Every structure is written in C-alpha cells, then in structure tokens.
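Okay, so here's the structure we're looking at.
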Amino acid sequence: MIPDGFDWTDIVRANVSETIFFIDRANRTGLQAQVRETIVSAILSRRLLPGAQLPSTRRLAAYLNISRITVTLAYQELAAQGYVEATSRSAYRIADDPPFNAVEPAATGAAERPVDWNAKLGSTFVVAKQVRKPLDWRRYPFPFLYGQMDPSLFDLNGWRDCARRALGREDFELMAGDFAAADDVQLVNYISSRTLPSRGIRASPDEILVTVGAQNALWITTQLLLRPGTRAVCENPCHPDMIAALKLSGASVTAIAVDQGGLRPDALPDRVDAVFVTPSHHCPTGATMPVERRAALLEAAAEKDFVIIEDDYDFEMSFLAPPSPALKAFDRTGRVLYVGSFSKSLFPGLRLGYLVAPAPVIREARALRALMLRHPAGHLQRTVSYFLGLGHYDALIHRMRTEYRGRHKVMAQALKEHDLTVAGSASFGGSSFWIRGPTGLDADLLTQELRQDGVLIESGSPFFPTDGEPCRYFRMGYSSIPRERIPEGVARVRTWIERICPTRRVDAETA
1 MIPDGFDWTD IVRANVSETI FFIDRANRTG LQAQVRETIV SAILSRRLLP
51 GAQLPSTRRL AAYLNISRIT VTLAYQELAA QGYVEATSRS AYRIADDPPF
101 NAVEPAATGA AERPVDWNAK LGSTFVVAKQ VRKPLDWRRY PFPFLYGQMD
151 PSLFDLNGWR DCARRALGRE DFELMAGDFA AADDVQLVNY ISSRTLPSRG
201 IRASPDEILV TVGAQNALWI TTQLLLRPGT RAVCENPCHP DMIAALKLSG
251 ASVTAIAVDQ GGLRPDALPD RVDAVFVTPS HHCPTGATMP VERRAALLEA
301 AAEKDFVIIE DDYDFEMSFL APPSPALKAF DRTGRVLYVG SFSKSLFPGL
351 RLGYLVAPAP VIREARALRA LMLRHPAGHL QRTVSYFLGL GHYDALIHRM
401 RTEYRGRHKV MAQALKEHDL TVAGSASFGG SSFWIRGPTG LDADLLTQEL
451 RQDGVLIESG SPFFPTDGEP CRYFRMGYSS IPRERIPEGV ARVRTWIERI
501 CPTRRVDAET A
C-alpha cells in the first residue's frame, strides 16, 4: 500500500516507472532479495538502461513500505556486483556497463517456418504412464502420497550445518573442481564402510558408483546389459519408470505377477538375461521375498546364467521387524547388481543413489554416466557425506521409524474399520499400504474424485505394464500426512468408493 501523502517527485526524477517495484509478502524470498531481483531483471530485459537514476533509498523504502536499510543493503549488493553505481550517499544509478551477456537477435531476412518436431525427433521416450503428484500437494488436507517427506521430522539445521561445512575453503576447492568421472571419496567410503554392511554387503570403493537417484542407476544397468535380442524379466506390478527403461532398451520383456512373497523364481522363462526385482520391499505392494525364495532365485540365476538387478529401497523404515538382509548379501558369484538410494530416506528432491557391482561393470557404468552427466553435483555429495558421517542421518531414521510406527498403527486400524482390503504391505514396516478396491472400481477415476475432496492417493494403473480393464488397486502412503488426519482421510476414501461402486462391496480375496 502507498503511504498517504507520498511524494512522487523522486520517482519521476529517477526516470524509473513505479510499476517496476513490487513486494510480494507471501513470497518466501526475502524483501532485500526481491528488490535486487526486480532491478536485475529490469536491467537484463533492457527496461532499465545504463545511466538511469534509481529512487533514493528513503523514497523507495517509503514506496514499498519496507525498512530503508533493506533497500540500502540491496543497492550496495548490486553495486558490488557491478549492476549499479552510487552517485551520493543514498542515490544510485544503473552502471554504464552492467553485467549483461545477452546478444540481440540478428535479422536474417529468411522466411520463418515452424519446425516439424514430430518428423525431426528420432525416438519417443513417453512410453509409460506416469505416477502424477501435484506440486502443491501440501495444500491438500489428506495427502496419502508415497515417497514425500515430512519436514517436521527432518533436521534442517543439521543439513544447513553440513552444507556450510561442505562450503569450507578446503572442501569447496575440491568440490568446485572437475571430478571428471570420479565421485566424492568421502561419500563412497561411507557407503562402503557403513551403509552397505548394514545390508550384509561388502564392497570396495571401485565397486561403487554414485548416481542421480536409483532411477539413474537402473537406467545405466539396462543400457549396459540389454539390447535388441536380449530377454529381461520384471515384476508385475512394477514401477512405471522401470517398465519404460526396459522397453526403451529394445529387449524382450516378460512381466511376472508377484504374490505375497514377491516374484516367483519358478515362473521365470527358460531363457532370460536379466531379472529386475525389489525383493526386500516390492514396489508397489510392499511384499517381502522370503529367504528361501531368494536362495531359489540365486540358484536359478546360476543355472540359467542370468544377472539380477536388485532395487533395495525403503528398507530403513523397519519399525515392525528387522529387515532381512539384501539379496546381494547372499550373492557369492557377483551375479547381483545392487541399487540403493538416499532420496527416499532423506528427501525425494535430493536425487542421490548408488550402484554396487563388480569392478569391471562399474568401470563401464562410470564411462556411460560420464557421457550422460559427468557426475552428480560435488557439493551435494560432500554435504550428504557430512550428514551421514556426523550422525544426523541415523538420528533422522530413528525419528522416522518412531513416527511411522504410530501412523502405521492408526492407518491399519482405520482401513480395518472402513472395510478396505490391504493387498500388500511390508512385513517390517515401510511407509504405505497397497489397497485392493472392489471389482469394477476404476482407481484412476477414484483418484480424480478424491482430489476434488482434498484427498490424494495414487492409482495403481501406472504400475501394471499392460493396459486392460480399469485398475482396482491404489496406494496410500503415510509419510506425508499427520497422524490425526489419517482416520478422516480413510473415511473419505471409503465414501467415494461407495459412490463410484454403489452396488459392490470391498471383497476379501487374497492378493
């Protein structure tokens, strides 16, 4: 709001339109940063030209109804960066030669004709139905979304401290350099000495590759192992990104239905080159593969001469029972390639994972990764290594286990009270339930209707490789919803199921 009796003469003398300046108090960006961004944007877009006089700090502060020191600090920072120049104690103008790297487009005189990108693009990578999660999911009162973090559990101060440590001169000089194809030694050593032993795995640093999340590791393995003419096996249901990677490899893909023990080794085809599994926590049902079945899978791999790619995620959320060792812990011949991730246990936007495989495989994987993205950000790797090494990570996992145990209990009770069938959940804990609705339910439609009612769930349809009848399965996570909101959210799910399938009851068939 403009103060009463505001004097516009200074703004006019400044030759700067008052509409350039605007403060959004709902924006999380600080007021000083907003002033700087406004001026820099105006300079780069040529709305403010060299020599233009800016309003004095006093007048601009009064116009924006903010502290004068805020404007002064913004101007001083811009002056240090070379965007503005001081003409007196409180007056500034746009510098004669501000940092400006844009080049004016040249007029060629050639006729402009739009590009037919459908003809130009040699391939399409849109081959799988995506699990869609609204970016503004936090505004929904009942977000049963899998894989989203609860900020109240995360140690932000600890993370900031680790980030500051990673910005120390010695660390910064190391991290700011070009890693070429290498990884942060400190992070790799931690994975080798502490993370992997907790899963029963031994690996040397030359058997570990840091990746941009688990999906990056899985993509690399498909590119190394599969090509047209090879044969791959995945689970059904299966994560849609895994299905897409397999399809794009050109291999012949067989999807094998899982049961309460995960993938069945006796259902494997006679000829197979690679089997992709999530044995400790099947995606998306949460089923855990028994030790006997893991041994049978390894025996089949030796007999049929195939390799196994193990995606071992969410094992940290073991609050009902200790998690069983990873499948790779039973591997004695190096047939299991192991994929892990910090993104699920820390926060999904982290995008940091790792691949564990024999050294010759890692050498090839490192070369392929270098062609794609060189290496994950060095500063991020070092920050995570400090977060792990200083104990913040273990403390976070402890808090999450404690809270998720309570949420799991509340949600299991609510599902039982509303007669919703749990078709799969992790025996050791996890962070979600896989629900089977009544025959004839369209989970895509249910997801849409519930979203209008403030409830977010995930339809199961993207997890099934083949299209067919409407999917009756859906997933409900509890990592991002407060415990006290769970019963009401589950009740709304039940209400909408009855509206969509009014003549059917939720049955109690086995998964």
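Just so you know, our numbering puts 497 at position 497 of the sequence shown, and the rest follows in order with no gaps.
Glycine included, C-beta positions come from ideal geometry on N, C-alpha and C.
The structure displayed is predicted, hence computed values, not measured ones.
DSSP three-state assignment for residue i, whether helix, strand or coil
i, result
"Thr466", "coil"
"Thr195", "helix"
"Ala86", "strand"
"Phe172", "helix"
"Leu209", "strand"
"Ala457", "Sequence inspection shows Ile at residue 457; the Ala mentioned does not correspond to that position. Three-state DSSP puts Ile457 in coil, outside helix and strand."
"Gly162", "The residue you asked about is not Gly; residue 162 is Cys in the sequence shown. In the structure shown, Cys162 sits in a helix (DSSP, three-state: H, G or I)."
"Val506", "Residue placement at Val506 is flagged as unreliable, the pLDDT there being 48, under the threshold of 50; the coordinate-derived value follows with that caveat. Val506: coil per DSSP, three-state reduction."
"Arg47", "coil"
"Glu112", "coil"
"Tyr386", "helix"
"Ser318", "strand"
"Met149", "coil"
"Gly349", "helix"
"Asp178", "coil"
DSSP beta-bridge partners of residue i
i, result
"Asn157", "Partner(s): none; Asn157 has no beta bridge."
"Arg93", "Gln53, Glu85"
"Thr70", "Paired residue(s): none; Thr70 is not in a bridge."
"Thr254", "Val233"
"Thr288", "Note: Thr288 sits in no beta bridge, so no partner."
"Leu355", "Leu209, Val339"
"Ala426", "Looking at the DSSP assignment, Ala426 forms no beta bridge with any residue, so it has no partner."
"Ala274", "Ala232, Val307"
"Gly262", "Asp259"
"Phe474", "Ile435, Ser459"
"Thr512", "Coverage of the chain is limited to positions 1 through 511, which leaves residue 512 absent and any answer about it impossible."
Residue interval of the alpha helix (DSSP H) (run including residue i)
i, result
"Val185", "185-190"
"Leu218", "213-225"
"Glu488", "486-500"
"Leu337", "Looking at the DSSP string, Leu337 is not in any alpha helix (DSSP H); the run it does join, the beta strand (DSSP E), is 336-341."
"Ile309", "Segment 307-311 is the beta strand (DSSP E) holding Ile309; no alpha helix (DSSP H) there."
"Arg401", "392-417"
"Ile435", "Segment 432-436 is the beta strand (DSSP E) holding Ile435; no alpha helix (DSSP H) there."
"Met242", "240-248"
"Arg451", "443-452"
Option nearest residue i by Cα separation, candidates the options
i, options, result
"Ala214", "Arg294, Glu77, Pro348", "Pro348"
"Phe306", "Val336, Val410, Arg293", "Val336"
"Val469", "Gln452, Pro487, Glu484, Ala443", "Residue identity differs from the one stated: residue 469 is Glu in this sequence, not Val. Ranking the options by Cα distance to Glu469, first place goes to Ala443."
"Leu415", "Leu248, Gly250, Arg374, Arg475", "Arg475"
"Leu263", "Thr288, Cys162, Ala423, Asp97", "Thr288"
"Leu380", "Leu320, Met175, Gly489", "Met175"
"Ala367", "Ala180, Pro438, Pro205, Lys129", "Ala180"
"Ser257", "Ile481, Phe464, Arg68", "For the record, residue 257 in the displayed sequence is Ala; it is not Ser. Nearest C-alpha to Ala257: Phe464."
"Thr383", "Lys129, Cys162, Tyr92", "Cys162"
"Leu390", "Pro141, Ile69, Tyr190, Asp171", "Tyr190"
"Ala359", "Ile39, Ile208, Arg36, Arg199", "Ile208"
"Arg36", "Leu54, Asn27, Ile457, Ala74", "Ala74"
"Val490", "Leu54, Leu145, Met317", "Leu145"
"Gln32", "Ala232, Ile66, Ser193, Val84", "Ile66"
"Val188", "Asp394, Leu355, Thr466, Phe433", "Leu355"
"Arg165", "Leu456, Phe387, Pro134", "Phe387"
"Val71", "Asn157, Leu48, Thr38", "Thr38"
"Asp183", "Val455, Leu373, Ser427", "Leu373"
Residue i burial status per 10 Å Cβ neighbour count (16 or more: buried)
i, result
"Asp10", "At Asp10 the pLDDT is 43, less than 50, meaning the model places this residue with poor confidence and gives no usable figure here."
"Thr29", "exposed"
"Glu417", "exposed"
"Trp496", "buried"
"Phe125", "exposed"
"Arg371", "The residue you asked about is not Arg; residue 371 is Leu in the sequence shown. Exposed, by the Cβ-count rule."
"Trp219", "buried"
"Gln34", "buried"
"Lys120", "exposed"
"Val12", "Because Val12 carries a pLDDT of 39, less than 50, the predicted location of this residue cannot be relied on, and the following value inherits that uncertainty. Result: exposed."
"Pro376", "buried"
"His512", "Nothing about residue 512 can be read from this structure; the chain reaches only from 1 to 511."
"Arg138", "exposed"
"Glu303", "exposed"
"Asn216", "buried"
"Ala357", "buried"
"Ala301", "buried"
"Trp117", "exposed"
"Gly437", "buried"
"Thr333", "exposed"
"Gly122", "exposed"
Residue i, enclosing beta strand (DSSP E) - first and last residue
i, result
"Asn118", "Not the beta strand (DSSP E): Asn118 falls in the alpha helix (DSSP H), residues 117-120."
"Tyr140", "Per DSSP, Tyr140 belongs to no beta strand (DSSP E) and is neither H nor E."
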